[in-house]
Each structure stands twice: as structure tokens, then as C-alpha cells.
């Protein structure tokens, strides 16, 4: 082992590092202690700080206190001791399965912890990222124990040597254990598996994705020192560990300026005193040692003991008090390295005072409670027999580390000695060290550059970070550097004191997990066009519940796809009868899980929380960031947190400002503009309904993510004689996408008025911010995933600047995930700026929300188009004032309603509300046959949910449309959905009425930009759009359809 001249430096364990110069048996003693605390949780501290804090990304508030083993089942699986020998002996591998949040009837994804060099129970209890993410994804949690650790010990034969017994302890065998276990656990080949791991476990997670990509669809590899081995080009940076520890003790990391220089002065002083008996006696007295220092080897042990404190404080340099590095035995302060350095902040010229200050400094780690009377640094080596981490270092993963003693670190010169390390490995284990084996069997950067779906994270304060993957290798192999982050802090349970970079890193991780779990773009709800699918929209009932039944087959009823039949569908996802084939029309396929073009899928991938947070991090100083909250999404958040609507809005303003957003609005002005333009458009259509000419809309094909090719195509059906009416609403992008791809003959009937989202985009990007020197980045929070596709339409692209009116769309559920670890209820209510008040629907004092639909008693969850336009048309066209409650007549289901106006015994207005694709198809069939009796139809893809009681002020209402959008926050269980929608409806209606014409922002827009007139030529140019037929042949390959 290393002496004062740095003669040797053995391989160090990854968690935490233990430094050289102890002698072989002493070093192994320390390593054994370290393994026990590999992933000890921060939850001890989290729960003592605020046990009741909301975990915002969960569909319900879930507490994770106590022993989490009680929420899981313990299992054992027989594994070959040698996976590469067909006649191998067997051993029992332990693992835990936690199904609390898993949707077991829907093939849930598996979040798989790959094991570490310790008892699996530690990781089960403290890998907070997995526990806090599981409810969002409905995931099954599995924690696997690494062979030769915990209770996963192979049986030992009589008279078997240590070397023979440990011979199958290797990372390759551990990976094969995991592969066999996953093959056993997966329901079928469609089960998505995401691997998680920290430090050595992070290496295993990344290697699982690299070696077994057919079993593992993605990996979260935290603080994984993938490049800490010999044989890489460029070579491993052996000095980096000590260099980062020194950085943590410097002003750059918040420590006292004199700290590192004072520490560096201690080593020659200690070594000098260690040369004599008197000097060693003084050292034992100053450092309050339990045993005397009898030799230079004991002095070397003392220096390693001192250095070990700083190494550990650096890895555990968390921004909050934590018991992680002490195995829960004692609490370390927030940023413990800074605390330790504060005791070395003075100019300590007196050597005794310097040594005493050094003791006080390391006591931040060793004696934070003050209960230790003397320190023992000796090791008897009795517990070295089962130190299989040491064996792994010798036989499988040699990791040399150096301290130069130069200007770059605060330690003495201690260089590794590979020859001596090999001798000690031979002496202890009887094995010949393989220093280049990891680079041969796994590879480094060049190997991961060929892989995909891995997120590597490393913390600024983590000494292992320089030996990790620090640069993204592709769009799917991502590297995140966490400012103020310590060793795999991102895997821990969230904490209110987490720095912004850590919160962003977790959000990016979850965004990638979402992509891996939902590898294709397809429906999330029966009527949501592009979210993840749950079931087919057709009423096909499963009579044979045997899930082992062969896949059902679907005949695609389409001229375009003639000859394409028998598309295999998993039997538990599409429910067929006992017939051989389930008949599904292509229209029904589109209504359920709309296939999207490749260009559209590229555009959708750009609409994510990760993209938004990345833009903020990169351009917060040179871009103007604006966030718009839709009323429906805001109501969903308010209902989830039990907040009044205005308070929720102002707290969200505080949250977004903390992220770096400059302006936060709601869509009140855009909503009012949409109602004004739509009602004027309807009146114009009604008055001219006999003269509007038929114009078949142009067809289109996407060329790229920013270009669409429009071309003429012959109409396949005879146009109806009159196409002005019925006017169909256009604010639902799922319905618009369906019409463009499947019912182009309906397009002339669709209102040309832009949706409120896109009107708001026009206001923010083209009108209000016109003339500003700073680029504007506009993000909206919406109740529907389909809004992402709407924002990506080329109609809403400014060709001159190549920017979109809405740069990013987040669903309400995605915002909830961003709020992970944030106590939204506890955030202060922001004071709004004058611009935010003018362009939002909040009262001037911010105490309540104003809305033009607040007094309406009908269905207003999608903006109140039907009610508002019906009342306006009745007055404008026939001078009739409608009653407070319109006399709706329910159709064949609660999602279809009609209301009509009779003047002089003649029906002059007949409006309908059609929510959900079943009702939409009924309306379109009547339109196609030119037998539609309605003048106006409010169409929304999302169906309703029945709401009863005083919340809606009516005995029975079916709340549908955007309030029940696929992007809204979901309930904990399906049974709770009705109550949740009721709460959202109550929150949405908790506003004060303001007439649409009384909005000062609306008046300002018309007077300043639109010639002062509703539906003027300028208004039609700015606030209206058009739609395009998309031929079915442009759809994605039907063989790629996901159900």
C-alpha cells in the first residue's frame, strides 16, 4: 500500500472512494464499511423536514416514509452460478417486486434497479426517483440484488477456497442474472423495461441497455464512472477524483478560500511528526485517537483517515442536511464540505492550532453529534473474508486513482502502483488482475455512441464525475451535468431544497422515460388523437379471457391499403369475440389512435418539458420567455392542489418566474377574441348560407418538419349544394386532424377561426412583441396532447423568422410532473405586472378570475362556443333574448345535445353539441349526405364524464371536451375520475363574469391591430386560418400502428 512517497495505490471502490496508504488489510476494512452505505437514503432528512409535502408528479399525494419493504413482495429465483456453462450449479438471487402503482391488467412498464455492491434493501428504500415516478407511469418496481451481496450468496462447498468461491463474482454474470430475471418477469415482448442505477449500479444500468437492448428499452445511469478504467482513448483521468474533492473545498464551490491551502499544509506536518515517537504521541493526542500511533504505517493510516473524510464529504455535498453518507447513523449538515471548510477558514500559522482545526473539520463527518470521545482508525481485518467488492476490483474492474500533491489538489503525492496492486490481488484472492478487461468487454465512448436510450447524469461536486460520460453522444444517449449536484443525488427522493438544475435533470429523465415507455406516438385516451393508447374505440368485447391466446387480427377497410390485411394485435389490448377476425374500419382506427406522419412525429417530439427546460437553461438571458395557461389546464392544477383559481394562477406565476420565465399569462384575451370572431363568422355564414360557393380544400403532404406541399386533387364525392352550414367548431385539434385525414369533404364547414391557443400565439409572437429586439419563446399549458400537433402546423409558422406562434406545448399532467418536489401550495402568490394583468383574466388586484363564460349554465369546458354563439345569433338575427338556462334536449347519449330557437312557430336556429368520435361520426355522416339539420355543431374529440350535485349548479351534467382532455391530471384510480372531473368543473366555474366586449385587452387588439372591427379583413387575415386534406397514403406504415 501507499506510503508517504506514494509507492502504491490500490483500486478504489466506487461508492464511496477510499484512499490509498492503509496497507492491504486496512484498506479492505474501510471498503467493507463503505459498501454498506452505498445508497443510503436522504429520506431520513426529507421526512423530518416536511413529511407532508406534495409529490407533485403523482396522480395522488403519496407518502414514502417508513420501511418501503412493507409495500413490496420478496422473491427468489434460481440462477446459474455460471451463465456461460450449461451444466453450472445454481444459487438463489433475491429480488423485490412492488406493484402498488402498477396497472397489472395493462402490461405495465417495469422500473428495474440493477443492483449494487450491497444489500438490495438499501436501494429499495432509497431510490426515490423510481418511487416518485412510478405512479405517473403506472410502473411495476423491481429491485434486484447483486450476486455475492445481501442474501444472494451462492452456497459454499466444504474446503472451498476464497478464490474458488468468488470465481463467479463478476459484472458480466450479474448482468446475465438481470437478463434472466427480466425474461421471467416480463408479461410479453411488449413489456417496456427501464433500468435504473447509481454509481456501480449506474454502470450496470448502462451496460444492460448496451448488452441486452431487447430486454431493456432505456437506462438512467446516475454518477456512473463508465470511463474509470485503463485502455480508453483518451486515457482515464486518474487525478480527477482528488482534483474535484479539492474543488469542493474551494471558493468556486462555496467553501472558505483558506480551506484547501490549510489542508495541504497539514500533510508534511503530519508526516514529519510521524518520524518520531514524540511526534506520533502528539498526533494521537491532537486527533483524539483511541490507540497510539506506533509506526509510520499507523501515520499513513491516519492520513488516509483524514483524507477519507473529505472524499466522503465531497460525494455527499448535498444542499440539505443528510444522513446518507453515515448510513443513517448521524446527520451531516447541508453542504457539509462548506461546513468543514468553515473550520479551516482562518490564517492558522500555529501548527498545533492548524492540527486542531483539522480535527474539528473532519469531525463534521466523523463526529457530527459530538458523542464520539475518541477515534479509532485501526482495522483488524476480521471482516475481510466476504469483501467481494475488493474481488470485483481485482478480477473484473480495476480502477486506479492518483493524487499528485501538486497545484491541482490539496493532498500529498500518492500514485497508484499497478505491480503492487497485482501482487496484493494475488495474495488476497489468488487471481491475476485484468486491468484492461472492462475496456475490452464493454468499451467506452465509442460503444455507447452506437447505443441509444441512455441518460447519464453527473454532479458538479461529485469526484467520480470526470470519469463519467459528460457529453451527449446522440439525441438518445444524453449526458446531463447537474450544477451543485453530488453523488447520484438525482436518484434520491426529492427535497424542497433541491437546486433548479437537479429539478430540471429529473424532469429531463422523466421526459426520456416517457419516450421509452411510449415508443410510438399514439392515443392516450380513447378520444385523444396522439397520446398513448389504452384500448380500441370499437365496442369489441373479450369473451375468451385467456391472455395466452394468439393475437387477434384486424382487417383494414381501406382502398388505399387494399391487400393489407391481418395486422397482428395483442389480444389483451384489442378485445375480439370468439370469431377469428375483429372487423375495424380505418376511420375507427383513426378515431382511436390516429396514425401520424413521420414529419408530424418529429414535430411532436419537439413539444416536451425537456425541450422547454433546455431552452430556458440555454437562452434565459437572450430570449424573452412567455407562458400561457389555458383556463382548463389551470383548473385541473387548482383542483389537484385544492387551491382557489386565482391563488393557483399566482402561485404558478411564482413557480415559472423561479425557472426564469419572464411573463405568465392566461388565455382570457384569446378566448374572448375566438368567441367574437366565431360568432361573427357564424352570422356571416347564416346570412349568406345560400350563396357560399363550394371549394374543395387543397390536399397536402408533409415534406419535412417545416414544409408542407399543397396540390390539387380530384374530389372523390359530389359536393353538397350548400356548404356554408352547419358551421363546425375548429378549436379541437384532435377533431381537425381526423377531419383532414379521413373526412376532407367536411373541411369547408369547419370554422376558420383559430383556436384560443393559436390566437394567443399570434398575440404574443406577432402583435404584442412586434419590434422587440429579443426573440420570444412561447410555451402554452393545455388540457390536451393534441395541442402539440396543432402548434406544429405549418399554418402557424412565421416563414420570415422560421419561428412558430407556439414553440412548446405542455399538457397539464406534464406541468404536474415538472412540479415534482415543489410545494406549490406553500409558494407565495406572485404580484402580477401590469402587462400580465391586462392580457390575463385576473382582476386588477389578482383576487379573482374574470371570464366571459362564467355565468353560462351549459357546457363550457371547451370554451362555451355553442352557448355564446347561440345567444348572440338569437339576439343579432332575431332580436331574441335567451333564458339563463338553455333548454337542451339530450340525444342518444349524454355527449350529444341539441338546442333550438323557434320564431313564429318556425325553427330558425338549431345547434348541437357532439363530444367523442362516435358522435362526431354521426354528424359527419349527415353532413356527407347533405342531410344535416343543424346550423352549428360544437365538436370536441374528448367525451364527457357525468357530474352530479351542486358543483355544476344542475342536477346532472356531462362535463366533456377540454375539461376532460387527455392531457389533464388523472385521478389515482378510474373510480375517482368522476369526482375529479367534478372538482375541475367547480374550479373552472369559480370565476366572476365579465362580458366578452368588456375585456380591455380585446378592445386594444382590435383598435391597435385589426382596424377596430370584429371580422374585419385584417381580423380574418390574422385570427383565421384554413385546413387541408391529407391523403390517407401519407399515414404512417400501418404495420407500425400501436394499439
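Numbering (our numbering), first residue to last: 92 to 1134. Here a beta-carbon is modelled for each residue, glycine too, at the ideal position from N, C-alpha and C. Quantities reported herein were computed from a predicted structural model and do not represent experimental measurements.
- With fewer than three CB-CB distances shorter than 8 Å, the region 513-525 does not count as touching the region 344-362.
- Here residue 821 is near residue 844, since their CB atoms are less than 8 Å apart.
- The criterion of a C-beta distance shorter than 8 Å is satisfied by residue 499 and residue 334.
- Assignment of residue 312 by DSSP, reduced to helix, strand and coil, places it in the strand class.
- Closest in C-alpha terms to residue 991, from the list 977, 420 and 982, comes 977.
- Runs of the alpha helix (DSSP H) lying entirely within the region 402-458 and spanning at least 4 residues, in chain order: 427-433 and 442-457.
- DSSP places residue 287 in the strand class (E or B) of the three-state scheme.
- In this structure, 1002 is the residue among 255, 210 and 1002 with its C-alpha nearest to the C-alpha of residue 981.
- Taking 8 Å as the cut-off, the Cβ atoms of residue 457 and residue 423 do not count as close.
- Exclusion of the five residues before and after residue 263 leaves 532 as the residues of its chain whose Cβ lies within less than 7 Å of its Cβ.
- When rounded, the separation of the alpha-carbon atoms in residue 161 and residue 913 is 27 Å.
- Following the DSSP letters along the chain, one finds residue 873 inside the beta strand (DSSP E) bounded by residues 867-873.
- Beta-bridge annotation (DSSP): residue 942 is paired with 1084.
- Per DSSP, the beta bridge partners of residue 899 are 870.
- The C-beta of residue 744 has 16 or more other C-beta atoms within 10 Å across all chains shown, which makes the residue buried.
- When DSSP states are grouped into helix, strand and coil, residue 852 belongs to the helix group.
- Take residue 1101, set aside five residues on each side of it, and the residues of its chain with a beta-carbon closer than 6 Å to its own are 1107, 1109 and 1110, in chain order.
- Secondary structure at residue 548: strand, using DSSP grouped into helix, strand and coil.
- Residue 577 places its beta carbon less than 8 Å from that of residue 552.
- In the structure shown, residue 1025 adopts coil according to DSSP, grouped into three states.
- By the C-beta criterion, the region 1090-1098 is judged not to be in contact with the region 735-755, since fewer than 3 inter-stretch pairs fall below 8 Å.
- Annotated three-state conformation of residue 1031 is strand, per DSSP.
- Short of 7 Å from the beta carbon of residue 774, and not among the five residues preceding or following it, lie these beta carbons of its own chain, in chain order: 964, 967 and 968.
- The DSSP-derived three-state label of residue 841 is strand.
- Partner residues in the beta bridge of residue 166, as assigned by DSSP, are 186.
- Under a 10 Å Cβ-count criterion, residue 1016 is classified as exposed, with fewer than 16 other Cβ atoms of the shown protein chains found around its own Cβ.
- Taking 8 Å as the cut-off, the Cβ atoms of residue 895 and residue 906 do not count as close.
- For residue 570, the enclosing beta strand (DSSP E) covers residues 568-573.
- In the three-state DSSP reduction, residue 1000 falls in the strand class (E or B).
- A contact between stretches requires three or more CB pairs, one per stretch, nearer than 8 Å, and the region 705-718 fails this requirement with the region 913-928.
- In the three-state reduction of the DSSP assignment, residue 583 falls in the coil class.
- Here residue 719 is not near residue 942, since their CB atoms are 8 Å or more apart.
- By the Cβ neighbour-count rule, residue 363 is exposed, with fewer than 16 other Cβ atoms within 10 Å of its own.
- For residue 1092, no beta strand (DSSP E) encloses it; the enclosing alpha helix (DSSP H) starts and ends at 1091-1100.
- Of the residues 1028, 157 and 355, the one whose Cα lies closest to the Cα of residue 1005 is 1028.
- Taken through DSSP and simplified to helix, strand or coil, residue 560 comes out as coil.
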